[in-house]
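Just so you know, the protein sequences line up as chains A and B, in that order. Residues in the first sequence are numbered consecutively from 58, following the working numbering. Residues in the second sequence are numbered consecutively from 28, following the working numbering. Just so it is clear, CB atoms sit at the ideal spot from N, CA and C, and this is done for glycine as well. Given the structure is predicted, the values throughout are model-derived calculations rather than measurements. Heads up: the structure comes next, in structure tokens.
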Amino acid sequence: GAGVSQSPSNKVTEKGKDVELRCDPISGHTALYWYRQSLGQGLEFLIYFQGNSAPDKSGLPSDRFSAERTGGSVSTLTIQRTQQEDSAVYLCASSFPGADTQYFGPGTRLTVL
Amino acid sequence: AQSVTQLGSHVSVSEGALVLLRCNYSSSVPPYLFWYVQYPNQGLQLLLKYTTGATLVKGINGFEAEFKKSETSFHLTKPSAHMSDAAEYFCAVSERAAGNKLTFGGGTRVLVKP
Chain A
58 GAGVSQSPSN KVTEKGKDVE LRCDPISGHT ALYWYRQSLG QGLEFLIYFQ
108 GNSAPDKSGL PSDRFSAERT GGSVSTLTIQ RTQQEDSAVY LCASSFPGAD
158 TQYFGPGTRL TVL
Chain B
28 AQSVTQLGSH VSVSEGALVL LRCNYSSSVP PYLFWYVQYP NQGLQLLLKY
78 TTGATLVKGI NGFEAEFKKS ETSFHLTKPS AHMSDAAEYF CAVSERAAGN
128 KLTFGGGTRV LVKP
């Protein structure tokens, strides 16, 4: 079946602009995670959604970052007023509720000029 | 809080030689442990995992890892390296009570020499 998909695959933006990154999880996966992979910080957790529960936002680095999940499926990660340090690969993962294994998408490479 | 340490950011092995990637973790509760592989410009692919039961776990592509609680380690091995093993490898830990969100090590990039 289809895996986790993310769009766009690459995004180049200018400093100060807002960007939206999209994640389509595997069908039936109610848990959805966002991670960031950057040269300076490695792989780090950003936010976690599980069903209708309040999301775990403990990994978001600043209030410029936000995410939503509509209809329990597609998720959008929004970065406002982008900075150069936001340049990274943003990875999305999904899993069945309570499952220990996450399945990752190919990522979105964000470059802030 | 959980943490993961991978010894060596880069490892170079000859084709046919043993691959050994080291991972140590800290966790306040029994952890779930994972090894993921990342090929260039791709996402993360699960190699293997330990949750409960047998401490020696086998994964895809001939890799295996052993959970040693006394050493808080989860080292990854493969008896004979292949050129296709060239990639970056990440060790990770999660806690079920924390929604299974993953904490990753810094990664080890493996170069395989012919």
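Candidates the options, of which the one nearest residue i by Cα
i: Glu77 of chain A; options: A:Ala156, A:Ser152, A:Arg138; result: A:Arg138
i: Gly164 of chain A; options: B:Val31, B:Asn68, B:Gln33; result: B:Asn68
i: Gly60 of chain A; options: A:Ser151, A:Asp143, A:Gly155, A:Glu125; result: A:Ser151
i: Ser97 of chain B; options: B:Thr82, B:Ser111, B:Thr104, B:Ala108; result: B:Thr82
i: Asp81 of chain A; options: A:Gln94, A:Ser95, A:Phe106; result: A:Phe106
i: Arg121 of chain A; options: A:Ser130, A:Ala111, A:Glu142; result: A:Glu142
i: Ser55 of chain B; options: B:Thr104, B:Glu122, B:Gly134; result: B:Glu122
The beta strand (DSSP E) enclosing residue i, as first and last residue numbers
i: Tyr92 of chain A; result: 88 to 95
i: Ile136 of chain A; result: 132 to 136
i: Asp81 of chain A; result: 76 to 81
i: Ile104 of chain A; result: 99 to 107
i: Val69 of chain A; result: 67 to 70
Contacts around residue i, its chain only, beta-carbon distance under 6 angstroms, and the 5 residues preceding and following it disregarded
i: Ser100 of chain B; result: Asn51
i: Arg166 of chain A; result: Asn67, Val146
Amino acids of chain B, ordered along the chain, whose beta-carbon sits closer than 7 angstroms to that of residue i
i: Tyr90 of chain A; result: Lys128
i: Gly99 of chain A; result: Phe131, Gly133, Gly134
Spatial neighbours of residue i in its chain, beta-carbon cut-off 7 angstroms, leaving aside the 5 residues before and after
i: Gln140 of chain A; result: Lys72, Val169
i: Val31 of chain B; result: Cys50, Tyr52, Cys118, Ala119, Val120, Thr130, Phe131, Gly132
i: Ala114 of chain B; result: Val64, Gln65, Tyr66, Val137
i: Ser123 of chain A; result: Thr135
Partner residues on chain A for residue i, Cβ-Cβ distance less than 7 angstroms
i: Gln69 of chain B; result: Pro163
Closer than 7 angstroms: residue i CB and nearest the ligand MG heavy atom
i: Thr168 of chain A; result: No copy of the ligand MG occurs in the structure displayed, which carries no ligand at all.
Cut-off 8 angstroms between Cβ atoms - residues of its own chain near residue i, not counting five sequence neighbours on either side
i: Val84 of chain B; result: Leu75, Lys76, Tyr77, Glu91, Ala92, Glu93, Phe94
i: Thr70 of chain A; result: Val76, Thr139, Leu167, Thr168, Val169, Leu170
i: Ala109 of chain A; result: Sequence inspection shows Asn at residue 109 of chain A; the Ala mentioned does not correspond to that position. So the list reads Gly129, once near-sequence residues are dropped.
Neighbouring residues, chain B, relative to residue i (Cβ below 8 angstroms)
i: Phe122 of chain A; result: The contacting residues do not exist; Phe122 of chain A stays about 16 angstroms from chain B at best.
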